[in-house]
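Top line first, the protein sequences correspond to chains H and G.
Going by this note's numbering, the letters in the first sequence line up with residues 1 to 375, in that order.
Going by this note's numbering, the letters in the second sequence line up with residues 376 to 748, in that order.
All C-beta atoms in this analysis are idealised placements derived from N, C-alpha and C, irrespective of residue type, glycine included.
Worksheet: one structure, shown below.
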Amino acid sequence: MRALRIMLIKEFKQIFRTREMIAIIFGLPVVQLIILGFTITNEVKNVSLIISDRDNSRISREIVRSFENTDRFTVVNYTTDQKRIEDAIQKWEAQVAIIIPRGFSQDYEQRRNAEIQLLADGLDGNTAGIALGYAQGILQNFQIPDNIKLRAIHEASVKPAHIIYMEERLWFNEDLDNAQYMIPGIIAVLVTVISMMLSSINLVREKEIGTLEQLMVTPLKRHELLMGKILPFLILTFVEMGIVLIFGQYIFSVQVKGNYFLLAGLAFLFLFTTLGLGIFISTITSTQQQAMFVSWFFMVFMIMISGFFIPIDNMPDFMQKLTYLSPMRYFLYIVRDIIQKDAGFISLLKDIIPMTIYGLLIFVASTIKFQKRVS
Amino acid sequence: MKKSATHKRILSISRKEFLHIIHDPRSLIIIIIMPVLQLLMFGYALNMEIQNIDMAVIDHSQTSVSRDLIKQFEGSKYFSVFYYNNPLSEVDELFLNRKARVILIIDQDFQRKFQRGLGSSVQVLFDAADPNAATMIKQYVNSAILEFNESHNGKLPQAIEVKPRIWYNSDLKSDYFFIPGLVALILVMISALLTSITITREKEMGTMEQILVSPVKPVEIILGKVLPYIGLAFLDGLLILLLGIFIFDVPFIGSSFLLMLLSILYIITALSIGLMISTVVQTQQVAMMMALAITLLPTIMLSGFIFPLKSMPLLLQYISYVVPAKYYLIIIRGIMLKGNSLFQLVGQIFFLFLMTLILLGNAIRKFNINLEK
Numbered sequence: 001m002r003a004l005r006i007m008l009i010k011e012f013k014q015i016f017r018t019r020e021m022i023a024i025i026f027g028l029p030v031v032q033l034i035i036l037g038f039t040i041t042n043e044v045k046n047v048s049l050i051i052s053d054r055d056n057s058r059i060s061r062e063i064v065r066s067f068e069n070t071d072r073f074t075v076v077n078y079t080t081d082q083k084r085i086e087d088a089i090q091k092w093e094a095q096v097a098i099i100i101p102r103g104f105s106q107d108y109e110q111r112r113n114a115e116i117q118l119l120a121d122g123l124d125g126n127t128a129g130i131a132l133g134y135a136q137g138i139l140q141n142f143q144i145p146d147n148i149k150l151r152a153i154h155e156a157s158v159k160p161a162h163i164i165y166m167e168e169r170l171w172f173n174e175d176l177d178n179a180q181y182m183i184p185g186i187i188a189v190l191v192t193v194i195s196m197m198l199s200s201i202n203l204v205r206e207k208e209i210g211t212l213e214q215l216m217v218t219p220l221k222r223h224e225l226l227m228g229k230i231l232p233f234l235i236l237t238f239v240e241m242g243i244v245l246i247f248g249q250y251i252f253s254v255q256v257k258g259n260y261f262l263l264a265g266l267a268f269l270f271l272f273t274t275l276g277l278g279i280f281i282s283t284i285t286s287t288q289q290q291a292m293f294v295s296w297f298f299m300v301f302m303i304m305i306s307g308f309f310i311p312i313d314n315m316p317d318f319m320q321k322l323t324y325l326s327p328m329r330y331f332l333y334i335v336r337d338i339i340q341k342d343a344g345f346i347s348l349l350k351d352i353i354p355m356t357i358y359g360l361l362i363f364v365a366s367t368i369k370f371q372k373r374v375s
Numbered sequence: 376m377k378k379s380a381t382h383k384r385i386l387s388i389s390r391k392e393f394l395h396i397i398h399d400p401r402s403l404i405i406i407i408i409m410p411v412l413q414l415l416m417f418g419y420a421l422n423m424e425i426q427n428i429d430m431a432v433i434d435h436s437q438t439s440v441s442r443d444l445i446k447q448f449e450g451s452k453y454f455s456v457f458y459y460n461n462p463l464s465e466v467d468e469l470f471l472n473r474k475a476r477v478i479l480i481i482d483q484d485f486q487r488k489f490q491r492g493l494g495s496s497v498q499v500l501f502d503a504a505d506p507n508a509a510t511m512i513k514q515y516v517n518s519a520i521l522e523f524n525e526s527h528n529g530k531l532p533q534a535i536e537v538k539p540r541i542w543y544n545s546d547l548k549s550d551y552f553f554i555p556g557l558v559a560l561i562l563v564m565i566s567a568l569l570t571s572i573t574i575t576r577e578k579e580m581g582t583m584e585q586i587l588v589s590p591v592k593p594v595e596i597i598l599g600k601v602l603p604y605i606g607l608a609f610l611d612g613l614l615i616l617l618l619g620i621f622i623f624d625v626p627f628i629g630s631s632f633l634l635m636l637l638s639i640l641y642i643i644t645a646l647s648i649g650l651m652i653s654t655v656v657q658t659q660q661v662a663m664m665m666a667l668a669i670t671l672l673p674t675i676m677l678s679g680f681i682f683p684l685k686s687m688p689l690l691l692q693y694i695s696y697v698v699p700a701k702y703y704l705i706i707i708r709g710i711m712l713k714g715n716s717l718f719q720l721v722g723q724i725f726f727l728f729l730m731t732l733i734l735l736g737n738a739i740r741k742f743n744i745n746l747e748k
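Here's what the structure looks like:
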């Protein structure tokens with residue numbers, strides 16, 4: 001036990017020997033949090049827009065104004081010259097153009113399907129689709145201002161309006177705030193990165209610079225050696241989780257709705273998987289560079305099919321089935337559900353069970369491989 | 376005479392580094408396979424539509440109109456509908472256990488209100504934990520209800536006919552934008568990450584001193600070491616580009632010569648970042664983490680690779696000005712997809728050039744200082 005304690009002290013000293021490493025270990029999660037928290041969203045703002053009002057009537061000016069007054073669009077130019085519109089789109093100066101043709105107001109007042117053209121640069125398909133949706137939404141207001149007016153139209157005619165409204169309730173995230181969803185995800189990614197990548201590199205480092213032999217002639221037992229190597233990363237992972245939660249709360253006001261102990265306990269269970277993978281990677285590689293690549297490979301693969309970047313629901317069927325292979329899938333659900341929905345142990349069981357099985361299998365298999373490798 | 380000696384020394388260092396890369400086929404395979412895998416996954420997996428959304432229906436009305444409405448949802452490819460008969464107080468279980476993403480509740484007096492023509496409401500609960508998905512699902516519900524209304528009232532009068540016209544990519548496919556982006560990412564990853572590690576490796580292993588006592592000049596060491604990686608980055612980028620063009624039909628309109636030229640400029644910028652890192656750190660671990668932190672994340676997130684910069688908070692938009700990929704993305708997308716000319720890309724080229732000058736100047740200065748110590 002004493003030997004283990006000394007080993008732990010050595011490990012921590014080694015990890016924090018350089019100033020840069022301290023900065024990275026404590027700074028990186030915060031940077032990651034801020035960047036990911038603010039950037040990953042399907043909400044699109046300030047789409048560059050060209051306005052071409054060739055009608056210049058009361059109603060067309062009103063339409064122009066409502067495009068000017070939304071933060072969805074930023075008007076970059078007003079022109080009636082078709083050539084200049086095309087030029088601007090070719091040079092990436094504008095992504096969308098709205099063209100109100102001459103004679104629009106007459107058609108509009110007579111309800112003769114007055115035409116408005118929306119021109120979009122479709123290369124950024126996602127943004128273009130969303131922007132066109134916004135534009136159509138704005139124009140919709142001029143179509144039928146609201147349900148009241150709709151009813152008035154119908155009441156004026158003979159038929160009564162048989163209409164259904166949707167009364168919507170948004171649960172768990174009323175404001176549709178993206179950070180509430182992203183930050184739990186970042187926790188899952190960070191836990192994976194720190195525990196798997198750093199531990200595998202750290203283990204291989206001893207091999208690469210030849211100090212593993214030295215460690216083995218010390219009175220340390222094999223399992224103590226392994227413990228001494230992975231415990232620091234286990235502790236670090238929890239520290240990182242804490243940092244992200246604290247910053248998440250202060251910067252993005254993400255509150256943990258569920259139980260902290262449950263979250264920590266299940267994170268501990270998940271660490272068996274990632275630390276196990278870290279040990280495994282260290283047994284099949286001999287340099288830090290290799291370890292980095294292999295763990296990077298595992299990581300990207302695990303993250304890709306976990307539902308972090310691409311929601312599982314958006315994947316085609318066979319990919320959805322593939323996600324069951326990624327241990328991160330289960331942990332991601334667990335973290336999100338505990339933080340966002342206050343999910344309890346029972347309702348998480350369907351993720352906890354496969355995650356635990358994965359963890360135990362991987363951990364036991366790779367420790368055995370490590371022991372064999374070392375002796 | 377002197378020049379050819381320099382040549383030789385650079386080449387022999389390159390050969391050594393090249394052998395080092397070749398000796399480790401696993402890493403090489405990962406370097407080459409990973410981007411391809413990413414390409415295929417994103418290409419095939421990224422689907423902006425959600426289908427078969429689990430919808431629980433609680434029908435207290437049980438009338439022909441309510442059943443009509445439910446049929447409307449059942450007929451849609453977006454929803455997979457099931458009835459839920461437990462008491463209302465237990466509906467949150469549906470979200471907690473992820474049995475449903477959306478719950479439709481129809482009140483008892485639904486049909487009566489509907490037939491009186493005063494408008495009848497249904498309650499729709501959304502699991503908004505994932506706000507992007509919730510927004511999308513809301514749109515699907517909205518349009519299903521709109522369709523239902525139209526089928527019961529006839530088409531509503533339209534005052535404006537909106538005619539959208541989409542240029543360059545009328546199906547709004549995301550591949551066109553994504554694949555050139557992936558090239559930008561790979562070039563920076565290989566150039567910055569690998570060079571920073573490779574030089575730090577010599578330091579950490581103590582072999583740097585050995586090289587230094589040889590008659591090789593620092594500049595020659597650096598050049599010799601990075602050349603193989605430039606080649607590797609180039610090949611990898613090319614591979615992705617070709618796959619994109621042949622598998623995903625990404626168009627290539629502009630000049631491939633211009634793109635090649637500017638890609639070299641971008642690679643040099645990325646290399647300077649890698650060199651810069653390697654001059655300040657001592658161990659591979661730190662080099663790796665640092666390279667990941669200042670190249671990988673910003674290149675993916677702050678360049679316009681996936682998410683448009685203009686939607687971000689101002690501070691992050693300012694930071695994006697020092698992310699080389701921001702400029703390269705405009706260059707590669709512009710040349711490939713819109714056929715932009717050199718003249719149209721002058722601004723981007725200028726920024727990349729400036730960045731390279733500053734970074735490279737600093738790196739070489741620092742490198743020399745470190746050597747003298």
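Item	Value
Contact check, residue 731 (chain G) vs residue 638 (chain G), beta carbons under 8 Å	no
The segment 440-458 of chain G / the segment 517-527 of chain G touching (three or more Cβ pairs under 8 Å)	yes
Within chain H, the residues that residue 522 (chain G) reaches when beta carbons sit closer than 9 Å	The contacting residues do not exist; residue 522 (chain G) stays about 11 Å from chain H at best.
Residue 691 (chain G) at chain H interface by Cβ criterion, 8 Å	yes
Beta-carbon neighbours of residue 572 (chain G), restricted to chain H and to distances below 9 Å	288, 289 and 292
Residue(s) in a DSSP beta bridge with residue 542 (chain G)	H:121
Cross-strand partners of residue 296 (chain H) (DSSP beta bridge)	In the DSSP output, where bridge partners are listed per residue, residue 296 (chain H) has none listed.
Collapsed DSSP secondary structure at residue 435 (chain G) in the structure displayed	coil
C-beta neighbour in chain H for residue 709 (chain G), strict 8 Å	yes
Member of G:737, G:397, G:729 and G:574 whose CA lies at the smallest distance from the CA of residue 641 (chain G)	G:729
Whole beta strand (DSSP E) elements within the segment 203-254 of chain H, 3-residue minimum	none
Residue closest to residue 277 (chain H), alpha-carbon to alpha-carbon, out of H:76, H:323, H:203 and H:215	H:203
Beta carbon proximity, residue 106 (chain H) to chain G, threshold 8 Å	no
CB contact below 8 Å: residue 386 (chain G) versus chain H	no
Any chain C beta carbon closer than 8 Å to residue 582 (chain G)	Absent here is chain C; the protein component of the structure consists of chains H and G.
Same chain, Cβ closer than 6 Å to residue 95 (chain H), five either side skipped, listed in chain order	47, 48 and 121
Chain G contact for residue 94 (chain H) (CB, 8 Å cutoff)	no
Spatial neighbours of residue 392 (chain G) in its chain, beta-carbon cut-off 6 Å, leaving aside the 5 residues before and after	600 and 603
As assigned by DSSP and simplified to three states, the class of residue 157 (chain H)	Its pLDDT being 49, under 50, residue 157 (chain H) is placed unreliably by the model, and the measurement read from it follows with that caveat. It is coil, neither helix nor strand.
Close Cβ partners of residue 761 (chain G) (< 8 Å) along its chain, the five nearest in sequence each way excluded	Examination of residue 761 (chain G) is not possible in this model, given that chain G is present from 376 through 748 alone.
For residue 73 (chain H), the residue or residues it bridges with in DSSP	H:47
Residue 100 (chain H) - DSSP class collapsed to helix/strand/coil	strand
Buried versus exposed call for residue 192 (chain H) [16 or more other C-beta atoms within 10 Å across all chains shown]	buried
Contact belief for residue 440 (chain G) with residue 489 (chain G) at Cβ below 8 Å, rounded distance in angstroms	5 Å
Residues of the segment 696-725 of chain G with Cβ closer than 9 Å to any Cβ of chain H, in chain order	705, 708, 709, 712, 713, 714, 715 and 719
Beta-carbon proximity list for residue 117 (chain H), same chain, < 6 Å, skipping 5 on both sides	99
Residue environment, residue 382 (chain G), which counts as buried when at least 16 other CB atoms sit within 10 Å	exposed
Alpha-carbon spacing of residue 401 (chain G) relative to residue 290 (chain H), whole angstroms	8 Å
Close-in-space but distant-in-sequence residues of the same chain around residue 59 (chain H) (CB under 7 Å, 5 per side omitted)	105 and 108
Cβ contact (3+ pairs, closer than 8 Å) linking the segment 240-248 of chain H and the segment 162-176 of chain H	no
Contact with chain G by residue 30 (chain H), beta-carbon distance below 8 Å	no
Residue-level contact to chain H via CB, residue 630 (chain G), 8 Å cutoff	no
Cα-Cα separation between residue 685 (chain G) and residue 214 (chain H), rounded to whole angstroms	55 Å
Residue 604 (chain G), enclosing alpha helix (DSSP H) - first and last residue	593-622
For residue 461 (chain G), the nearest candidate out of G:433, G:387 and G:451 (CA to CA)	G:433
Beta-carbon proximity check, residue 723 (chain G) vs residue 706 (chain G), cutoff 8 Å	yes
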